[in-house]
């Protein structure tokens, strides 16, 4: 059988309340585990066990300068509190996989050389929590004023000891909402003051498998919602 | 002796019991030993003796998505010790197709990687937790 090879063409990168997809041309999200040596008598070889995990996010692309643009966005995140960052595997449709974590900017390197386009290299580090392989509950879309239900997705029940994570990115306008099972709120997003993002975690166990995002927009609002269990 | 040259065409890799050879483009297993210095009186150069084995392993593969995919397998086994099986061919193990087995974990998992217009390919580095077993039957 021939390998299934995906040529990378479309990927979405949402950082807080900013959509960076059209500014970037490479993104690398890596999950690492410390390698802790646990060799003891009478081992004849080095023995290693996985230690703490670490998540790093590297982004590359073209810098733009101005209010709300790339340069301002990255500088505002350097050394500041973590915000949710969602990276989609593909084009970011509802039901597709997206990875989400809460991260802060650790380095930003704009490069401006004569005759070249201004480019950047931006690195982020995890700000606690976890990296989640989530399901896109609502693709990025502009919602009219009022309540909107997303499609229900079978994410499974949350076992004891696991957690449900969810992030809502608001790119313009203002929104509140929830992630529900059978009409009951399991995660609540309070209303944002404007563009921004929220990252929520609830502990299991939670019964029920069909999860749905319900978002209330205040005026026309562009929203993206992702959720997953880990 | 004339060199026996055989181009690698179908390396085998199984992770946690799942055969992902279809997606694999390269596997690598490195045997190494600690070099313990034993230089002593009378020696005119550094002298070493073999210490503990220090194997490393890695695999390069194309990422696919969905049920039973590389993406799902890497995520579901993250941070866990799982069995790995490597052979130079997919055919059953034999004298000319030894099988290497060990338990390990993926020390680094690229969840999302690559630039626009490139194939989504990733390399996993495997932390080895047990001695490597080589078998031919």
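Residue numbers (the numbering used here), protein chains in the order written: chain A, 115 to 344; chain B, 1002 to 1138. Ideal Cβ placement from N, Cα and C applies to all residues, glycine included.
So, with DSSP's three-state summary, where would you put residue i?
i, result
"residue 136 of chain A", "helix"
"residue 1074 of chain B", "helix"
"residue 1091 of chain B", "coil"
"residue 258 of chain A", "coil"
"residue 290 of chain A", "strand"
"residue 1097 of chain B", "coil"
"residue 1022 of chain B", "helix"
"residue 1055 of chain B", "coil"
"residue 1080 of chain B", "coil"
"residue 120 of chain A", "coil"
"residue 1048 of chain B", "coil"
"residue 1042 of chain B", "coil"
"residue 241 of chain A", "coil"
"residue 284 of chain A", "strand"
"residue 274 of chain A", "coil"
"residue 233 of chain A", "strand"
"residue 1002 of chain B", "coil"
"residue 1007 of chain B", "coil"
"residue 269 of chain A", "coil"
Thinking just about the alpha-carbon of each residue, which of the options is nearest to the one in residue i?
i, options, result
"residue 211 of chain A", "A/306, A/320, A/125, A/323", "A/125"
"residue 258 of chain A", "A/142, A/337, A/148", "A/337"
"residue 163 of chain A", "B/1123, B/1108, B/1092, B/1114", "B/1108"
"residue 216 of chain A", "A/272, A/291, A/143", "A/143"
"residue 121 of chain A", "B/1136, B/1118, B/1123", "B/1118"
"residue 245 of chain A", "A/156, A/313, A/191", "A/313"
"residue 222 of chain A", "A/293, A/206, A/173, A/278", "A/173"
"residue 330 of chain A", "A/256, A/193, A/128, A/224", "A/256"
"residue 342 of chain A", "A/335, A/218, A/315", "A/315"
"residue 1029 of chain B", "B/1014, B/1094, B/1008", "B/1014"
"residue 156 of chain A", "B/1012, B/1097, B/1054, B/1042", "B/1054"
"residue 291 of chain A", "A/334, A/264, A/328", "A/328"
"residue 241 of chain A", "A/339, A/305, A/197", "A/197"
"residue 340 of chain A", "A/307, A/175, A/265, A/236", "A/265"
"residue 148 of chain A", "B/1003, B/1065, B/1127", "B/1127"
"residue 179 of chain A", "A/190, A/276, A/169", "A/190"
"residue 1005 of chain B", "B/1138, B/1097, B/1122, B/1136", "B/1097"
"residue 1113 of chain B", "A/146, A/243, A/218", "A/146"
"residue 200 of chain A", "A/167, A/283, A/333, A/262", "A/283"
"residue 1125 of chain B", "B/1046, B/1063, B/1068, B/1037", "B/1063"
"residue 181 of chain A", "A/220, A/132, A/213, A/161", "A/132"
"residue 1051 of chain B", "B/1038, B/1043, B/1045, B/1044", "B/1038"
"residue 263 of chain A", "A/161, A/295, A/134", "A/295"
If you follow the beta strand (DSSP E) that residue i is part of, which residue opens it and which one closes it?
i, result
"residue 217 of chain A", "211–225"
"residue 1066 of chain B", "Where residue 1066 of chain B is concerned, there is no enclosing beta strand (DSSP E), given that its DSSP letter is neither H nor E."
"residue 329 of chain A", "324–343"
"residue 305 of chain A", "Unbroken run through residue 305 of chain A: none, as it is neither H nor E."
"residue 1129 of chain B", "1122–1129"
"residue 314 of chain A", "310–317"
"residue 1016 of chain B", "1013–1016"
"residue 1136 of chain B", "1134–1136"
>> Could you tell me which whole beta strand (DSSP E) segments of length 3 or greater appear in the region 122–205 of chain A?
In response: 127–129, 138–151, 162–176, 197–202
> Are the region 274–288 of chain A and the region 1004–1020 of chain B touching, with three or more C-beta to C-beta distances below 8 Å?
Replying inline: no
> How about the region 1094–1109 of chain B and the region 1127–1135 of chain B: do they share at least three Cβ pairs that are nearer than 8 Å?
Replying inline: yes
>> With a threshold of 8 Å, are at least 3 pairs of Cβ atoms found where one atom belongs to the region 323–337 of chain A and the other to the region 263–280 of chain A?
In response: yes
>> Across the region 1111–1128 of chain B and the region 130–140 of chain A, are there enough close Cβ pairs to call them in contact, namely three or more that are closer than 8 Å?
In response: yes
> Is there contact between the region 1059–1067 of chain B and the region 1022–1039 of chain B, where contact requires at least three CB pairs shorter than 8 Å?
Replying inline: yes
>> When you compare the region 301–308 of chain A with the region 219–237 of chain A, are there three or more beta-carbon pairs, one atom per stretch, that lie closer than 8 Å?
In response: no
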